[in-house]
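Protein chains in written order, with the working numbering: chain F, 1 to 140; chain A, 141 to 280.
Just so it is clear, CB atoms sit at the ideal spot from N, CA and C, and this is done for glycine as well.
The structure displayed is predicted, hence computed values, not measured ones.
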DNA sequence: CGTGAAAGCAAGAAGGA
DNA sequence: TCCTTCTTGCTTTCACG
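Structure, rendered in structure tokens:
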């Protein structure tokens with residue numbers, strides 16, 4: 001990837017609402033040139049989307065946790081992600097090397113909601129879970 | 141929080157570059173009314189920023205890992221986040237309840253880069269580490 | 001990759017429920 | 001307080017060189 005593209009991606013990662021004009025000034029290209037590059041970056045799948053970051057405490061899901069997930073039956077086909085895709089509140093799903101097969105990041109409103117979510121995860125995906133509560137998030 | 145604000149936040153989470161005009165149409169308010177609300181959401185800290193999502197494989201950091209961090213000296217003041225803030229490649233830092241004190245998500249280019257980063261983390265923060273490699277990311 | 005014109009959007013002021 | 005409308009200046013978009 002080219003150096004101008006790198007800088008554009010870098011800047012858009014920091015401020016996803018930066019205007020093409022400002023991007024142009026920052027990388028030394030015209031507005032349209034930048035616009036073209038951004039469009040190509042989106043088409044090539046380098047930029048996959050834009051999103052607002054939100055304070056999870058202020059939108060009603062103040063409780064974050066990481067859930068390590070291990071299938072109960074090691075011989076069963078591993079379709080854990082498919083089985084969990086519908087479960088609301090699972091923010092991210094990572095397939096990992098190590099003690100467990102998957103690591104999930106979940107966000108919920110209350111300890112009770114977490115309890116229910118864990119029950120859902122266990123029955124839905126036929127797995128055992130090990131949960132680590134997040135106390136605070138110095139950065140993300 | 142009000143229902144209109146909720147919808148605005150929801151929409152901006154899905155598309156951080158959505159225009160105020162389109163937001164207005166979606167929630168049934170004028171452009172300026174939406175603009176005002178977004179500004180207030182930003183001021184109140186509900187919306188903390190905007191960012192482009194990027195395919196990490198395509199920008200040269202294809203290797204993601206989670207690093208559990210435990211201070212070597214339990215009596216020393218806990219300033220791990222401050223000590224690690226400058227380290228490049230640490231994407232997120234969570235203070236957690238459990239075996240370790242912190243959980244980091246890191247992104248690097250190669251296993252060698254990971255090795256170097258772990259050395260940096262250990263010396264910089266005076267901690268021991270336990271690393272879990274991410275094999276794939278079904279979603280995030 | 002740049003230019004320039006047209007359309008669309010943002011941002012502020014003023015005023016009304 | 002919160003909304004709308006109006007106005008001004010930018011930004012985006014697109015056709016073309």
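Inset, instruction - Examine the Cβ distances between the stretch 78 to 85 of chain F and the stretch 53 to 68 of chain F and report whether three or more of them are shorter than 8 Å. - result: no
Inset, instruction - Kindly indicate if chain F contains any beta-carbon less than 8 Å away from that of residue 277 of chain A. - result: yes
Inset, instruction - Inspect the CB distances between the stretch 166 to 180 of chain A and the stretch 251 to 267 of chain A and report whether three or more fall short of 8 Å. - result: Proximity of the stretch 166 to 180 of chain A to the stretch 251 to 267 of chain A falls short of the contact definition, fewer than three beta-carbon pairs being nearer than 8 Å.
Inset, instruction - Rounded to whole angstroms, what's the CA-CA distance from residue 191 of chain A to residue 208 of chain A? Just pull it up for me. - result: 26 Å
Legend entry - Spatial distance of residue 253 of chain A from residue 234 of chain A (CA atoms): Rounded to whole angstroms, residue 253 of chain A to residue 234 of chain A spans 22 Å at the Cα level.
Legend entry - Test item: CB-CB of residue 83 of chain F and residue 26 of chain F under 8 Å: no
Inset, instruction - Within its chain, find whatever has a CB closer than 8 Å to the CB of residue 87 of chain F; leave out the 5 residues flanking it on each side and keep chain order. - result: 117, 120, 121 and 124
Legend entry - residue 210 of chain A vs residue 96 of chain F beta-carbon contact at 8 Å: no
Inset, instruction - Would you kindly work out how many angstroms separate the C-alpha atoms of residue 178 of chain A and residue 139 of chain F, rounded to a whole number? - result: So the alpha carbons of these two residues sit roughly 23 Å apart.
Inset, instruction - Take residue 100 of chain F and list the residues in its own chain whose beta-carbon comes closer than 8 Å to its own, dropping the five residues that flank it on each side. - result: 68, 69, 70 and 130
Inset, instruction - Pick helix, strand or coil for residue 132 of chain F, following the three-state DSSP scheme. - result: strand
Legend entry - Identity of the residues DSSP links to residue 95 of chain F by a beta bridge: F:102 and A:276
Legend entry - Contact set for residue 16 of chain F: own chain, Cβ-Cβ below 6 Å, skip 5 residues either direction: 50
Legend entry - Beta-carbon neighbours of residue 70 of chain F, restricted to chain A and to distances below 7 Å: Residues of chain A passing the Cβ test: none, with the nearest at roughly 13 Å.
Legend entry - Distance, residue 137 of chain F Cα to residue 284 of chain A Cα: For residue 284 of chain A there is no data in the structure shown, the boundaries of chain A being 141 and 280.
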